[in-house]
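Everything below concerns the one structure shown next.
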Amino acid sequence: MNTEPTPDPVPVDAPAETTEPFVAAPRQLSPLDQKILKHFPGLVVRKDLTKGLKQNAVVPTYVLEYLLGQHCATDDNDVIKAGLESVQKILAKHYVHRNQAQLVKSTIKEKGRHKVIDKLTVELNDKGGFYEAEFTNLGIKKVPVSDDFVRRFPKLLVGGIWCITDVTYEVAEDQKVSPWQIDTLKPIQVAGVDYEQFLKARAEFTTEEWMDVLMQSMGFNPEMFGRRAKLLTLIRLIPYCERNYNLLELGPKGTGKSHIYAEFSPHGMLISGSEVTAPKLFVSNTSNGKIGLVGFWDCVCFDEFAGKDKKVDKTLVDIMKNYMANRTFSRGIEQLTAEASMVFMGNTKKSVAYMLKHSHFFEPLPDKYIDSAFLDRLHAYNPGWEVAPIRHELFTNGYGFVVDYIAEVLKHLRTEDFTSAYKQHFEITSEVSTRDQTGFEKTFSGLMKILFPDGNATPKEMEELLAFAMEARRRVREHILRIDDTFKRHDFIYQPLGGGKAVTVLTPEELQYPTFAGPRIQPAAEGETPHETPAEPVTAKPAEVKSDQPQTGHVVIPENTKGWSYHRLFAKHLTGARTITINDPYVRMFFQARNLMELLQMIHDLVPEGDEVAVHLKTQSDPDTCVKQAENLNQIAESFTGSRVAFTWEDDQSPNFHARNLTTDTGWKITIDRGLDIFQKYESGPFSLEQAIQEARLTRGAEITFLKL
276 MNTEPTPDPV PVDAPAETTE PFVAAPRQLS PLDQKILKHF PGLVVRKDLT KGLKQNAVVP
336 TYVLEYLLGQ HCATDDNDVI KAGLESVQKI LAKHYVHRNQ AQLVKSTIKE KGRHKVIDKL
396 TVELNDKGGF YEAEFTNLGI KKVPVSDDFV RRFPKLLVGG IWCITDVTYE VAEDQKVSPW
456 QIDTLKPIQV AGVDYEQFLK ARAEFTTEEW MDVLMQSMGF NPEMFGRRAK LLTLIRLIPY
516 CERNYNLLEL GPKGTGKSHI YAEFSPHGML ISGSEVTAPK LFVSNTSNGK IGLVGFWDCV
576 CFDEFAGKDK KVDKTLVDIM KNYMANRTFS RGIEQLTAEA SMVFMGNTKK SVAYMLKHSH
636 FFEPLPDKYI DSAFLDRLHA YNPGWEVAPI RHELFTNGYG FVVDYIAEVL KHLRTEDFTS
696 AYKQHFEITS EVSTRDQTGF EKTFSGLMKI LFPDGNATPK EMEELLAFAM EARRRVREHI
756 LRIDDTFKRH DFIYQPLGGG KAVTVLTPEE LQYPTFAGPR IQPAAEGETP HETPAEPVTA
816 KPAEVKSDQP QTGHVVIPEN TKGWSYHRLF AKHLTGARTI TINDPYVRMF FQARNLMELL
876 QMIHDLVPEG DEVAVHLKTQ SDPDTCVKQA ENLNQIAESF TGSRVAFTWE DDQSPNFHAR
936 NLTTDTGWKI TIDRGLDIFQ KYESGPFSLE QAIQEARLTR GAEITFLKL
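One point on numbering: in the numbering used here, the residue at position 661 of the sequence shown is 936, and numbering is uninterrupted.
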């Protein structure tokens, strides 16, 4: 990695407020970690090191990983330990804590010179014709800065950047002259990447492995995410690699929506949605025509964008509409262009079902932004309600790219274009508007860059990304139709070249709640699946049971949806049964026993007072789980003693025991491809809605078939 040297790790006294130093525990490398280290030597870092250091230093992730990448980019535990100590010493000696600013200033005065790690912002002194810097944490202002620094690092003028800076102190005879001077200034970021080497190394990974590498680079444990959940996370990277990409994501609090834009790249700027002004974002006509944020950053993210109480400048909305559509904005009579992508992040307070039934998915936005012309400029709507709330086990302790390295790769990819790559295999057979096509093509192009930067994706892989991209744009179109009936309704249909089955792309929420979606969904013919995708049930056959009586059929539970429960799925088919057999060889772990307990509770509620149902479980054990498994199942059996459910179980060691199903004495057989494990892990506790109500949990992808024997 071509980076400039970091400050020498000189031993220092402990800071005023001391904390226990972070110590990295040795860990066993996974096969993926070994592969990352082999093909990207010196460019990766253990992500738990970053997380550990973040507890003691409130700096962006890319600042910490810039230092970690120079000292800890290895799997040698001894080197990691020594490197971690060096990084902590550098931070202790040079990083400026706000509450220690006076101590650092005193150090500079006494020594005459001192290196500091701080965020610098530069402004032009109009009267003097020179530039002045402000140190965010150190708190000193109007420090003269060389024109050369400003020319080399223009982002100093817009939002500021984190730097390692040599600051000197010398009192001048003229008291109007600042005693503070900047001797050297080095932004904390990599100088460049070998892109051809990057492509060569990428080719050594399968698609699934590469998705996991990127997830770990973002700090997440890929084992905790399904394939669709990974795509929902990776779409957040598109604004860094796709020029002028407009993304909206609304969802519950605590899902990490803004993390990628605050921490991941030095090329992105995160601002509060209520703080932005037209001069700050685009251009100031009263301050020498100073270009705003869009002229300097690859991605501008508006955090906390939702909220009815937000004050919104209608003029700003109009300027944004023009920029998002045409990449242009005006400075007086002059038209300017920029390439910054726009990201809008906000929180929702209503459920998906409520918004579908009563309003639309743009409902949380300020009223002035609920403008069909503005919303039509969005290329994708990422469903934040499908993203799991951030919790400890979602984070990885594996290896991922130093974020500044992957940020530079994504920046390079802005010059590539994959918008038409799908056309060698597929065609759009429905009428779509120009903005719809631009929207899903830009999303498709961004995902191709992220996952297949060399363009070598199979037709099946391209189809997956195309369907996902069309779904993200369809969500925009469908909910614009709810606020503006002058927009034309049309389908999103693609078809393989040379014939093949046409695929109509629908969103998961349309299919999960067809009644609320109303006429927006065309019912499928008997036995026909309205939307099929190759890898994930991006959409699925509606899972609503139309009759009060149990029906035969097949239900697909999409990944990352809510509103599902054992009662909704099984109650009609189990009602009236007097004996139920559960065949599942994998009721071994604690969470699997908990799922069983919840099913038995549901069955208990179905049985009339004075009646009883016998439920028998056939399962298997292994040497590592058999003792605890028996203890858990015996406790369940004991707890139901004397109730309306008589529960028994047996350990069936038949070698061909693999199927998972429920059978009843009323003739029903319910096959479940993943058993009762249809829910993702969730935050438990006495005040956890997910623990109390199954419908509040996110689902895993699953398929269930109901047969009458």
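Every residue, glycine too, gets a C-beta built ideally from N, C-alpha and C.
Exposed unless 16 or more other CB atoms sit within 10 angstroms - verdict on residue i
{"i": "Asp679", "result": "buried"}
{"i": "Tyr598", "result": "buried"}
{"i": "Gln228", "result": "Because residue 228 is not part of the residues shown, which for the chain are 276 to 984, the question remains open."}
{"i": "Ala696", "result": "buried"}
{"i": "Val333", "result": "exposed"}
{"i": "Arg511", "result": "buried"}
{"i": "Gln345", "result": "buried"}
{"i": "Ala291", "result": "For Ala291, the pLDDT reaches just 38, beneath the cut-off of 50, and the residue's location in the model is therefore unreliable, although a value from the coordinates is still provided. Exposed, since its Cβ has fewer than 16 Cβ neighbours within 10 Å."}
{"i": "Leu324", "result": "buried"}
{"i": "Val813", "result": "Its pLDDT being 37, under 50, Val813 is placed unreliably by the model, and the measurement read from it follows with that caveat. Buried, by the Cβ-count rule."}
Bridge partners - residue i, DSSP secondary structure assignment
{"i": "Gly675", "result": "Val320"}
{"i": "Cys574", "result": "Gly543 and Ser616"}
{"i": "Pro658", "result": "Leu525"}
{"i": "Ser605", "result": "Gln610"}
{"i": "Thr938", "result": "Thr856 and Lys944"}
{"i": "Trp924", "result": "Leu892"}
{"i": "Ile439", "result": "Ile392 and Lys461"}
{"i": "Thr508", "result": "For Thr508, which the question treats as bridged, DSSP gives no partner whatsoever."}
{"i": "Ala408", "result": "Val397 and Val418"}
{"i": "Gly621", "result": "Leu525"}
{"i": "Ile758", "result": "DSSP output for Ile758 lists no bridge partner at all."}
{"i": "Ile594", "result": "According to DSSP, which records beta bridges pairwise, Ile594 is partnered with nothing at all."}
{"i": "Leu455", "result": "Residue 455 is actually Trp in this sequence, not Leu. Tyr444."}
{"i": "Ile832", "result": "Ala977"}
Span of the alpha helix (DSSP H) around residue i
{"i": "Ile979", "result": "Where Ile979 is concerned, there is no enclosing alpha helix (DSSP H), although the beta strand (DSSP E) it sits in stretches over Ala977 to Lys983."}
{"i": "Val333", "result": "Note, Val333: premise wrong, no alpha helix (DSSP H); not H, not E."}
{"i": "Asp422", "result": "Asp422 to Arg427"}
{"i": "Val219", "result": "Residue 219 falls outside the range modelled here, since the chain spans only 276 to 984, and no answer is possible."}
{"i": "Cys347", "result": "No alpha helix (DSSP H) holds Cys347; DSSP gives it neither H nor E."}
{"i": "Val354", "result": "Asn352 to His369"}
{"i": "Tyr515", "result": "Ile513 to Cys516"}
Limits of the beta strand (DSSP E) - the one that residue i falls within
{"i": "Lys384", "result": "Counting along the chain, Lys384 falls outside any beta strand (DSSP E), though it belongs to the alpha helix (DSSP H) covering Ala376 to Lys386."}
{"i": "Thr856", "result": "Thr854 to Asn858"}
{"i": "His754", "result": "Premise fails: His754 lies in the alpha helix (DSSP H), Pro734 to Ile755, not in any beta strand (DSSP E)."}
{"i": "Phe701", "result": "Phe701 to Ile703"}
{"i": "Gln826", "result": "Looking at the DSSP string, Gln826 is not in any beta strand (DSSP E), and its letter there is neither H nor E."}
{"i": "Tyr769", "result": "Ile768 to Pro771"}
Best match in the options for proximity to residue i [C-alpha to C-alpha]
{"i": "Leu339", "options": "Gly414, Cys438, Glu385 and Ser305", "result": "Cys438"}
{"i": "Asp859", "options": "Gly673, Leu937 and Met737", "result": "Leu937"}
{"i": "Thr704", "options": "Ile755, Glu736, Thr694 and Thr779", "result": "Thr779"}
{"i": "Leu973", "options": "Glu958, Glu746, Leu982 and Lys983", "result": "Glu958"}
{"i": "Gly838", "options": "Pro789, Glu970 and Glu965", "result": "Glu970"}
{"i": "Ile1066", "options": "Thr612, Asp584 and Gly582", "result": "Outside the shown range of the chain (276 to 984) lies residue 1066, about which nothing can therefore be said."}
{"i": "Asp422", "options": "Leu413, Val397 and Glu445", "result": "Val397"}
{"i": "Ala615", "options": "Ile665, Val319 and Leu522", "result": "Leu522"}
{"i": "Ala408", "options": "Leu432, Lys390 and Arg388", "result": "Leu432"}
{"i": "Ala934", "options": "Leu509, Ile945 and Glu913", "result": "Ile945"}
{"i": "Trp455", "options": "Thr440, Asn601, Phe315 and Lys461", "result": "Thr440"}
{"i": "Tyr674", "options": "Gln928, Glu746, Phe495 and Lys776", "result": "Phe495"}
{"i": "Pro883", "options": "Arg863, Asn909, Ser914 and Leu849", "result": "Leu849"}
{"i": "Arg262", "options": "Ala889, Leu359 and Glu906", "result": "The structure shown does not extend to residue 262, since the chain is modelled only from 276 through 984, so no value can be given for it."}
{"i": "Thr761", "options": "Ala921, Asp651, Lys390 and Arg975", "result": "Asp651"}
{"i": "Tyr341", "options": "Tyr406, Asp350 and Gln363", "result": "Gln363"}
{"i": "Pro429", "options": "Leu568, Thr854, Ile911 and Leu312", "result": "Leu568"}
{"i": "Ile878", "options": "Leu525, Glu785, Ala744 and Ile857", "result": "Ile857"}
{"i": "Gly358", "options": "Val320, Glu385 and Gln377", "result": "Val320"}
{"i": "Phe715", "options": "Ala744, Lys394 and Gly960", "result": "Ala744"}
{"i": "Phe693", "options": "Ser720, Pro771, Phe932 and Pro728", "result": "Ser720"}
C-beta neighbour in chain B for residue i, strict 7 Å
{"i": "Asp584", "result": "No chain B is present in this structure, which holds just one protein chain."}
Cβ contact (3+ pairs, closer than 8 Å) linking the region 479-487 and the region 307-327: yes
Stretch pair the region 366-386 + the region 402-409: three plus CB contacts closer than 8 Å: no
Stretch pair the region 730-744 + the region 634-645: three plus CB contacts closer than 8 Å: no
Segment contact, 8 Å Cβ cut-off, at least three pairs: the region 662-682 with the region 546-555: The region 662-682 is not in contact with the region 546-555.
The region 663-678 / the region 522-533 touching (three or more Cβ pairs under 8 Å): yes
Any 3 or more C-beta pairs closer than 8 Å across the region 568-581 and the region 616-623: yes
Stretch-stretch touch, CB-based, cutoff 8 Å, three pairs: the region 707-717 with the region 747-760: yes
Three-pair Cβ contact test at 8 Å for the region 495-515 versus the region 458-472: no
The region 895-904 contacting the region 863-875, beta-carbon criterion three pairs below 8 Å: yes
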